[in-house]
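K.L.:
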Amino acid sequence: MKTVTLHDGRKIPALGQGTWQMGETAAKAETEIAVLRAGIERGMTLIDTAEMYAGGGAERIVARAIEGQRERVFLVSKVSPQNASAAGIAKSCAASLKRLGTDHLDLYLLHWPGRHPLEETVAAFERLRAAGTIRYWGVSNFDVDLMAELAALPQGARCATDQILYHPDERGPEFDLLPWCRNHKMPIMAYSPLGQGGRLLRSPALAAIARRHRATPGQIAIAWSLRDGNTITIPKTATPERVPENADAANIALTPDDLAEIEATHPPPRRKTRLGML
Ligand SMILES: NC(=O)c1ccc[n+]([C@@H]2O[C@H](COP(=O)([O-])OP(=O)(O)OC[C@H]3O[C@@H](n4cnc5c(N)ncnc54)[C@H](OP(=O)(O)O)[C@@H]3O)[C@@H](O)[C@H]2O)c1
2 MKTVTLHDGR KIPALGQGTW QMGETAAKAE TEIAVLRAGI ERGMTLIDTA
52 EMYAGGGAER IVARAIEGQR ERVFLVSKVS PQNASAAGIA KSCAASLKRL
102 GTDHLDLYLL HWPGRHPLEE TVAAFERLRA AGTIRYWGVS NFDVDLMAEL
152 AALPQGARCA TDQILYHPDE RGPEFDLLPW CRNHKMPIMA YSPLGQGGRL
202 LRSPALAAIA RRHRATPGQI AIAWSLRDGN TITIPKTATP ERVPENADAA
252 NIALTPDDLA EIEATHPPPR RKTRLGML
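Going left to right, the sequence shown walks through residues 2 to 279 as the working numbering numbers them.
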């Protein structure tokens, strides 16, 4: 599996698995667990979840998927911003760990910016890190101005990643946020890399490139998000047949011509645009 490098030199998988909309109905639970397990077998050992997803239901699905193989997995969860106070983070983290059936998270993210002072949130993350309850912490949906604010705080430079909306139709971060992260030796984590399975996957450019690689448009979107070596990408599927498809996308090397074709149809903005968010 391709890897990206964190600020301390640790290498983690570049291709992982999302879990949004998992754990919502009991009828789908066994399939969702099987999908995540099959993904782990194929090297997609980074799993992204959140306390918010299905009100904790997604974390419970992940718990069953990683049971007996916790150490193989790089486990990511998120605290909701309303819980990102000193006391709130400790409580949310403990509840996530309980639902996940583990004693530590590999990465804990602030889901999006909220009303609690960032300094308080960072200090709370650092206490969890010092206690060994989390290995790394980071943020999500932070635009470049907030990243600069964060980096200036005590221990703010320990932020491991920013999880952001990023795919060929959402290229705003390329203008300033991606260069900022690269300069700060920080990988980004691309969410919704398949454009949520919607319009993006009907792109004629992706279809044409997919035909040349004997691949699918979804695979080309995943390969595109992995192209710079500084991006972790977390497509979500709950469809068993799509697990090998998505995992194999890590082996597709897009050519300069492929990238130019995507550039022509899905150009990045030429000026600053606000970071998109779902
Ligand atoms: N931090 C945040 O604010 C935030 C926001 C959104 C998402 N996320 C994280 O990022 C993960 C991924 O984003 P996402 O779930 O929004 O969207 P996504 O991964 O871009 O797309 C998921 C959709 O695409 C379909 N799909 C999966 N593989 C496919 C393939 N090979 N070909 C065609 N369709 C395919 C899935 O359907 P099936 O499931 O039916 O296969 C699902 O409907 C989430 O699950 C979550 O963990 C974070």
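Ideal placement from N, C-alpha and C gives every residue a C-beta, glycine not left out.
On a predicted model such as this, the values are computed, not experimentally measured, just so you know.
Would PRO245 be called buried (16 or more neighbouring beta carbons within 10 Å of its own) or exposed?
P.N.:
By the 10 Å Cβ count, PRO245 comes out exposed.
K.L.:
How close, in whole Å, do the beta carbons of ILE48 and GLN70 come, if the pair is a contact with beta carbons under 8 Å?
P.N.:
Not a contact, Cβ separation roughly 11 Å.
K.L.:
Looking at THR26 and ligand 1, is the gap between the Cβ and the nearest heavy atom below 8 Å?
P.N.:
No, Cβ of THR26 sits at least 8 Å from all heavy atoms of ligand 1.
K.L.:
Examine ligand 1 and report whether any of its heavy atoms sits within less than 8 Å of the Cβ of TRP181.
P.N.:
The answer is no for TRP181.
K.L.:
Does at least one heavy atom of ligand 2 sit under 8 Å from the Cβ of MET53?
P.N.:
Judged by which ligands are present, ligand 2 is missing from the structure shown, whose ligands are ligand 1.
K.L.:
Would you say the beta carbon of MET148 is closer than 8 Å to some non-hydrogen atom of ligand 1?
P.N.:
No - ligand 1 has no heavy atom lying nearer than 8 Å to the Cβ of MET148.
K.L.:
If VAL80 and TYR54 are in contact, beta carbons under 8 Å, what's the gap, nearest whole angstrom?
P.N.:
With a Cβ gap of about 12 Å, VAL80 and TYR54 do not count as contacting.
K.L.:
Tell me where the alpha helix (DSSP H) around GLY277 begins and ends.
P.N.:
Where GLY277 is concerned, there is no enclosing alpha helix (DSSP H), given that its DSSP letter is neither H nor E.
K.L.:
I'd like to know whether the C-beta atoms of LEU207 and PRO169 end up nearer to each other than 9 Å.
P.N.:
Cβ atoms of LEU207 and PRO169: closer than 9 Å.
K.L.:
From what residue to what residue does the beta strand (DSSP E) around SER97 run?
P.N.:
Element bounds for SER97: not the beta strand (DSSP E) but the alpha helix (DSSP H), 87-101.
K.L.:
Consider the Cβ of TRP21: report whether some Cβ of chain C lies at a distance smaller than 9 Å.
P.N.:
Of the protein chains in this structure there is only one, and it is not chain C.
K.L.:
So, is ASN184 buried or exposed, given that buried needs 16 or more other C-beta atoms within 10 angstroms?
P.N.:
Exposed, since its Cβ has fewer than 16 Cβ neighbours within 10 Å.
K.L.:
Would you say ASP170 touches ligand 1, meaning its beta carbon is less than 8 Å from a heavy atom?
P.N.:
Outside the cutoff, so no.
K.L.:
When the Cα of HIS100 is compared with those of PRO155, THR50, ASP146, which residue comes out closest?
P.N.:
For the sequence presented, residue 100 should be read as Arg rather than His. Nearest C-alpha to ARG100: THR50.
K.L.:
What residue from LEU106, ARG243, PRO205 has the CA that sits closest to GLU63's CA?
P.N.:
Per the sequence presented here, residue 63 reads as Val, with Glu not at that position. The shortest C-alpha separation from VAL63 is found at LEU106.
K.L.:
Buried or exposed: where does MET187 fall if 16 or more other Cβ atoms within 10 Å of its Cβ makes it buried?
P.N.:
Answer is buried; the Cβ neighbour count reaches 16.
K.L.:
For THR26 and VAL36, I'd like the C-alpha separation in whole angstroms.
P.N.:
Cα-Cα distance, rounded: 15 Å.
K.L.:
Are the CB atoms of PRO82 and PRO118 within a distance shorter than 9 Å?
P.N.:
Cβ atoms of PRO118 and PRO82: not closer than 9 Å.
K.L.:
Measure the alpha-carbon distance for GLU72 versus ILE13 and round it to whole angstroms.
P.N.:
Straight-line Cα distance between these residues: approximately 13 Å.
K.L.:
Report buried or exposed for GLU60, applying the criterion of at least 16 other Cβ atoms within 10 angstroms of its Cβ.
P.N.:
It is buried - the Cβ of GLU60 has at least 16 other Cβ atoms within 10 Å.
K.L.:
Between the segment 7-21 and the segment 229-236, do at least 3 Cβ pairs fall closer than 8 Å?
P.N.:
Yes, they touch.
K.L.:
In terms of alpha-carbon separation, which member of TYR167, GLY44, GLN197 lies closest to TRP225?
P.N.:
Looking at the Cα atoms, TYR167 is the closest of the given residues.
K.L.:
Spell out the partners DSSP gives GLN164 in its beta bridges.
P.N.:
The partner list for GLN164 (beta bridge, DSSP) reads SER141, MET190.
K.L.:
I need the straight-line Cα distance from ALA161 to ILE263, nearest angstrom please.
P.N.:
Roughly 29 Å separates the two Cα atoms.
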